[in-house]
Amino acid sequence: MSTKGRVAALAILLGLALAWLSTASIAASSSAPITIVDDLGRKVTVGSSERIVAIGPSVTETLYALGLGDRVVGVDLYSDYPPEAVAKQKVSSWWTPDPEEVVALKPDVVFYSVGNPAALETLERAGLTVVALRPRTIDDIFRDIRLIGNITGKPQEAEALATSLSRRVDDVKERTQNVTVRPRVYMETWYPPPWTWGPGSWGHQMIELAGGRNAFEDAKTAFVQTTDEEVIARRPDAIVSLVGAMHRVTLEDFKGRPGWSDIPALAKGAVYLLDENLFVRPGPRIVEGLEELARILHPELFGGASVHTFPIAAAELKLGVRTLNVSGPMEVNLMLIKAAADGTLTVTLTKAGPEAPADQRLVGYYVDLRCSAPEGLALILRLHYREDWLKEARVEEGSLRIYAWDEGGRRWVPLSSALNEAGNYVEATVMHLSYFALMGKPAPPPPPPWASPVPLWVAVTSIAAGAVAAGVVGALAVRKAIKRGGPAR
Amino acid sequence: MTVDRGGGVEAKRLKLVAKWATVISILSICLILSMSLSSMVGPMPMGVEKVLGIMLRQVPVLGGLLDRCWTPQEEVVVVQLRLPRALSAALVGMALSAAGVVFQGVFRNPMADPYVLGVASGAGFGASLAIVLGLGLPSLGLIYAVPVMASMGSLLTMALVYLIARAGGGLPILRLLLAGIAVSSFFSSMTSLMLAVAGEELHAAFSWLFGGFPAVRWELVYVAAPVILACLILIYAYARDLNVMLLGEEQAKQLGVEVEDVKRRLMVSASIVTAAAVSVSGIIGFVGLIVPHMMRLLVGPDHRILIPSSALAGATLLTLCDVAARTMLRPVVLPTGVVTSMLGAPFFTYLLARSERLRRGEAA
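Below you can see the structure in the form of C-alpha cells.
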C-alpha cells in the first residue's frame, strides 16, 4: 500500500513538474499577451496564436471563416468542414481529447467547444492554454466569433464576419416578423427517443426567427428528450428532421412510427430532412441553416416557386370576367368578377398554414390570396384536386368543400362550394381574401362485421362486477382452505 | 398435550398463510393500480373511460361488442406506446428484484445485486458495440439489434464468469464473486473503449447506458416476457432450498440440499432474467439491490414469500418511477434509472430507520 502511495505521489509530482515546464515554455514564446474571459467565465491569458488546435467542428469552421486555416495545426475527428480541414492532423475525439496528442502539436492556444468539463481540466493540467467556448444562443455564437478574432489578432475580420452574419439573421427576421401563421415546428435531432430543442437553445431561436413556433416551447431545458406520445399530442404543423452522420432517417421512417401518421405535418406532407451540420454546430454556418429553415416554413416570403402575382385592372373587369390560371403544385383558377381599384394579386401555394379543424383533412395545398387593393374584390376560386391526394389523405370525395381562414376568429369557415366530381374541382365565391384550402371529411374506417353497439359503461361495469365477484369467491376459497387446515408442508 | 402442541403449530401455519395471502393480494392490487396509472397518464388528454375502452377493445371477443368513442390515433397511442411501456417497466422491475433476491440469497451477501456477475457490463458492451457499428439504425430495419446484442453480451459474460469460477471444480462463491468483478471490469473498459471511438453515436450509447424505456415496442415485450416469467417460476421452485442455504452451504448439504445443483440453476436463471431485463431497459440500478431488502423488512426473510412479494413490489416501484420520469419535467423525460434511485433511496432509508426504531422498541 505504502509503496503504491509513494509511486502515485511521485507520478503526480512528475506530472506537475512537466506541466510547469510546458507552461513556462509557452510563456517564453509569447509576444503580446491578451487576457480574455471565455464562455465558462475563466480568465485566460493567451500569448501568440501562431499554432492553433481546434477541438469541436464549430471552432474549426469559425477559424476557417476568419481565414485562419493556415494556423490550425490540429482538429478533432469530427471537423470535416471546410474540406481542407479534413487533411489537418486529427488530435482525437471531441468528448475525450487526448492531452498528450494535443501537447505534441505544441499549440499556442487550444479552442475547446465544451463538451466535457473533465476533458477541459485535463487539457489545462497538461499545461495548455485552453479557451473554452460554450455558446447557447445565436448571439453567443457571434460573440464567440469576435472572441476568437480578438485572440488571434483578427478583430476586424471577426467583426466583419459577425456583422454580415447578423445582418443575414436580421434579414430573415424582418421578412418573418409579420407572418400571420406561425406553424408549430418539431425539430428532431435524434430518434428514438425523440430529442429536440427547448427554450434557451439556438435551435429554439432558429425556429422562432424562421417564422415558426417551437412545438416544445414550454420545455424547461435547452435540450429535450421526450416521448413519441408527447410529439403526437403536440400536433406539429411541420417536422424538421436533422439528418447526417449522427441521425440517419428517411421520410419512410416517419410513416412507420406508431401513432405518427395522424400528425398534421405528416398528413400534409410537411416533413423535411435537413443537414444536421447546419443546425447542431454553433458556428457561422448556423445562419445557412436558419435561411433554409425560413424558406421551408415560409416559401412565400423567399420567392418560392409557388408564389404567383397578377396585375388587376379594375376598368377591364367592367367589361367581363377575367380568368387567371395558376399552375403550381396545385392547379388553381381565379375568375375575377369585380375589383374596386387597380392592384396586384398574389397567390401563394404552401404546405404550411393554419391547422385544419379536427374533423377535416387538408387536400393539396393552402392557397394564400393577397391583393394590394383588396377592397371590393370578388372572384370565383376553383381548386383542382387529384385522385391520389384523396387517397393519401383518406378523404371522401363527396365531402370536399372550400374553407376560408377567419383571421379574427382564428378558425376555418366553410364556404358554399360546388363540387364537380367528374372534373375533379371545387368552386366557391370569394369576397374576402385570406387563406383558402380544400378540405374533406376523413373516410370512416370500415366497421367490423360483428360490431354491435354495447355502450362502454355497460362493458366496464360488467367487467368490474366480474372482477369483484371473482375476488369474493377467491377470498371465500382461501378462508375455507385455511379452516380446513391449510396446505400441508 | 401433544395434540395441543400440534394444533398450535397448525394454527401458526394457518396464520402465516393468511398473512402471505394478504401481502400478495395487496401487492398485486398495487401493481395493477400502478400499471393502470401508467397507461392513463400521458401528454394526450384522454379520459379514464377512453383508456379503459381502448384496452377492452383489444380483448378478442368482447372487444367487438364495444362501440368506439375515440380516434384511431388515441387507440394507437394507448396500445402501441403506453401499454408496452407500462408492461415492460413492470416486467423489468419484477425481473431485477427477483434476481436480486436470488443473488443476495445465494451469495449470502446483502450487497449483491443482479449485476454482481457482470451481466450489466456485458450488456452495456453488447449494446454500445451495436450502436457504434451503426446496427441500431431504424432505417436499416434493425431496431432490435441493440437489445439482441445486449442480451448476447450479458449471456457471454455470464458464461465466462461461470467457466472461470468452475475451473477448480465446484462453484465456490468467493471465486464466483471475484470472477464476476474481473469479467465485469473487463467489459466495462471495453464499453469505455467503444465510447471513446464512438464518435457521433456517443449520444445513443449514453442514452442506452442511463437505462429507461425510450423506445419500447411490443416485440420486445413479446420476447422478454416469456423468458422472464419462465425463469421466475423456476426460481420460485427453489425458494425452500434458498431458505435452507441461508444457514450456510455445509448445513444445507447436511440437510439434503443438492447445493451445487441448486446454486447453478438459480444463478443461471437469475442471470438470464437479468439479461432479458437489461435488453429491454438498459441498465437500471437500485431496484435489484434495494427492493429485496425493503421486502425483507416488511415480510421477513422466508424466500417463499420474499420472492413473489419482491417481484410484485419491484414491478410496482419501477412502473411508478417510470410514470414519475415521464411526468416530473414534462415534456422532458428523465432516464428511469435516475428516478428510481432518487425516489427509492429516501423511502428505503425511512424503512430502515423505522425498523431500527421498532427493534429498539421491542428491546426496551
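From first to last, the protein sequence lines stand for chains A and B.
In terms of our numbering, the numbers along the first sequence are unbroken and rise by one, the last being 630.
In terms of our numbering, the numbers along the second sequence are unbroken and rise by one, the last being 541.
Backbone N, C-alpha and C define an ideal beta-carbon position, used for all residues, glycine too.
Leu524(A): which of Gly517(A), Arg535(A) and Tyr507(A) sits nearest, CA to CA? For this step, residue 524(A) is matched to residue 383 along the first sequence. Checking every option, the nearest Cα to that of Leu524(A) belongs to Tyr507(A).
Straight-line CA distance for Val504(A) to Arg511(A)? The residue you call residue 504(A) lines up with position 363 of the first sequence. The residue you call residue 511(A) lines up with position 370 of the first sequence. Between Val504(A) and Arg511(A), the C-alpha separation is close to 21 Å.
Is Gly282(B) near the ligand GDP, in the sense that its beta carbon is under 7 Å from a heavy atom of that ligand? In the structure shown, the ligand GDP is absent, as is every other ligand, since no ligand is present at all.
Ala501(B) and Val468(B): beta carbons closer than 8 Å? Position 324 of the second sequence, counting from 1, holds the residue named residue 501(B). Position 291 of the second sequence, counting from 1, holds the residue named residue 468(B). No. Outside cutoff.
How many angstroms separate the CA atom of Pro405(A) from the CA atom of Glu496(A)? One-based indexing of the first sequence puts residue 405(A) at position 264. One-based indexing of the first sequence puts residue 496(A) at position 355. Taking the straight line joining both Cα atoms gives about 7 Å.
Please classify Leu560(A) as buried or exposed, where buried requires at least 16 other C-beta atoms within 10 Å of its C-beta. Against the first sequence, residue 560(A) aligns to sequence position 419. Buried: at least 16 other Cβ atoms inside 10 Å.
Using the beta-carbon count (16 or more within 10 Å), is Thr513(B) buried or exposed? Locating residue 513(B) in the second sequence gives position 336, counting from the first residue. So Thr513(B) ends up on the buried side.
Quick one: what's got a C-beta closer than 8 Å to Leu208(B)'s C-beta in the same chain, skipping five residues either side? To locate residue 208(B), count along the second sequence from 1; it is residue 31. Excluding residues within five positions, the ones whose Cβ falls inside 8 Å are Ala267, Leu489, Ala492, Thr493 and Thr496.
Alpha-carbon to alpha-carbon, Leu340(B) and Glu433(A): Taking the first sequence and counting its residues from 1, the one referred to as residue 433(A) is at position 292. Taking the second sequence and counting its residues from 1, the one referred to as residue 340(B) is at position 163. Their Cα atoms are separated by approximately 59 Å.
Tell me, please, whether the CB atom of Glu262(A) is closer than 8 Å to any CB atom in chain B? Taking the first sequence and counting its residues from 1, one reaches residue 262(A) at position 121. For Glu262(A), the answer is no, since every Cβ of chain B falls outside 8 Å of its Cβ.
Any beta-carbon of chain B closer than 8 Å to the one on Lys247(A)? The residue given as residue 247(A) occupies position 106 in the first sequence. For Lys247(A), the answer is no, since every Cβ of chain B falls outside 8 Å of its Cβ.
Cβ of Pro333(A) less than 8 Å from any chain B Cβ? The residue given as residue 333(A) occupies position 192 in the first sequence. With 8 Å as the cut-off, Pro333(A) counts as an interface residue toward chain B.
One question on the structure: do Pro261(B) and Arg394(B) come within less than 8 Å of each other, judged by their Cβ atoms? What you label residue 261(B) is simply residue 84 of the second sequence in a count that begins at 1. What you label residue 394(B) is simply residue 217 of the second sequence in a count that begins at 1. Closer than 8 Å, so yes.
How far does the beta strand (DSSP E) with Gly484(A) in it extend, from its first residue to its last? Stepping through the first sequence from its first residue, residue 484(A) is reached at position 343. Start and end: Gly484 to Thr491.
Opposing strand residues paired with Gln230(A) [DSSP bridges]: Reading the first sequence from its first residue, position 89 is the one you call residue 230(A). Answer by DSSP bridge pairing, in chain order: Gly215(A).
For the segment 197-205 of chain A against the segment 422-442 of chain A, are there 3 or more C-beta pairs whose distance is under 8 Å? yes
Does the beta-carbon distance from Ile460(B) to Leu386(B) come in below 8 Å? Residue numbering aside, residue 460(B) sits at position 283 when the second sequence is read from its first letter. Residue numbering aside, residue 386(B) sits at position 209 when the second sequence is read from its first letter. Closer than 8 Å, so yes.
Give me, in chain order, the residues of the same chain whose beta-carbon lies closer than 6 Å to that of Leu442(A); leave out the 5 immediate sequence neighbours on both sides. Taking the first sequence and counting its residues from 1, the one referred to as residue 442(A) is at position 301. Around Leu442(A): Arg316.
Buried versus exposed call for Tyr526(A) [16 or more other C-beta atoms within 10 Å across all chains shown]: Working through the first sequence from its first residue, we reach residue 526(A) at position 385. The residue is buried, with at least 16 neighbouring Cβ atoms inside 10 Å.
Can you tell me which residues form a DSSP beta bridge with Asp509(A)? For the purposes of this step, residue 509(A) is identified with residue 368 of the first sequence, where counting begins at 1. Answer is Thr489(A) and Tyr576(A).
Are the C-beta of Ile369(A) and some C-beta of chain B separated by less than 8 Å? Within the first sequence, numbered from 1, the residue matching residue 369(A) stands at position 228. Going by the sequence as given, residue 369(A) is Asp instead of Ile. Yes, Asp369(A) counts as interfacial toward chain B.
Identify the continuous beta strand (DSSP E) that holds Trp644(A) and give its terminal residues. Only positions 142 to 630 of chain A appear in this structure, which leaves residue 644(A) out of reach.
Neighbour list for Asp529(A) in chain B, Cβ cutoff strictly below 9 Å: As a first step, residue 529(A) is located in the first sequence; it is residue number 388 there, counting from the start. Those do not exist, as Asp529(A) stays about 21 Å from chain B at its closest Cβ, beyond 9 Å.
The segment 500-523 of chain B: positions lying closer than 7 Å to chain A by Cβ: Arg503, Leu506, Pro508, Val509 and Val510
Determine, using beta carbons only, whether Gly388(B) comes closer than 8 Å to chain A. Along the second sequence, one-based indexing puts residue 388(B) at 211. Not closer than 8 Å to any Cβ of chain A, the Cβ of Gly388(B) fails to qualify, so no.
Proximity of Gly282(B) and Leu424(B) at Cβ, strictly below 8 Å: For the purposes of this step, residue 282(B) is identified with residue 105 of the second sequence, where counting begins at 1. For the purposes of this step, residue 424(B) is identified with residue 247 of the second sequence, where counting begins at 1. No.
Counting C-beta neighbours from all protein chains within 10 Å, is the total for Thr144(A) 16 or more, i.e. buried, or is it exposed? On the first sequence, residue 144(A) is found 3 positions in, with the first residue counted as 1. For Thr144(A), the pLDDT reaches just 49, beneath the cut-off of 50, and the residue's location in the model is therefore unreliable, leaving the point undetermined.
Quick one: what does DSSP say Trp236(A) is sitting in, helix, strand or coil? As a first step, residue 236(A) is located in the first sequence; it is residue number 95 there, counting from the start. If DSSP states are grouped into helix, strand and coil, Trp236(A) belongs with coil.
Span of the alpha helix (DSSP H) around Met328(A): Counted from its first residue, the first sequence places residue 328(A) at position 187. No alpha helix (DSSP H) contains Met328(A), which is instead part of the beta strand (DSSP E) from Arg325 to Glu329.
So with Cβ pairs under 8 Å, would you call Ser234(A) a contact of chain B? What you label residue 234(A) is simply residue 93 of the first sequence in a count that begins at 1. By this cut-off, Ser234(A) is an interface position.
Taking any Cβ of chain B, which residues in the segment 456-476 of chain A have a Cβ under 9 Å from it, in chain order? none
Would you check if there are 3 or more beta carbon pairs closer than 8 Å linking the segment 531-539 of chain A to the segment 356-370 of chain A? no
Are the C-beta atoms of Asp403(A) and some chain B residue less than 8 Å apart? The sequence position of residue 403(A) within the first sequence is 262, counting from 1. So yes, Asp403(A) belongs to the interface.
Quick one: does Tyr527(B) have its CB under 8 Å from some CB of chain A? In the second sequence, residue 527(B) corresponds to position 350, counting from 1. For Tyr527(B), the answer is no, since every Cβ of chain A falls outside 8 Å of its Cβ.
Kindly indicate the opening and closing residues of the alpha helix (DSSP H) around Tyr292(B). Stepping through the second sequence from its first residue, residue 292(B) is reached at position 115. First-last for Tyr292(B): undefined, no H or E at that position.
How many Å lie between Trp161(A) and Asn291(A) at the Cα? Counting from 1 along the first sequence, the entry for residue 161(A) is found at position 20. Counting from 1 along the first sequence, the entry for residue 291(A) is found at position 150. Caution applies to Trp161(A), whose pLDDT of 48 falls short of 50 and renders its modelled position unreliable; the model cannot decide the point.
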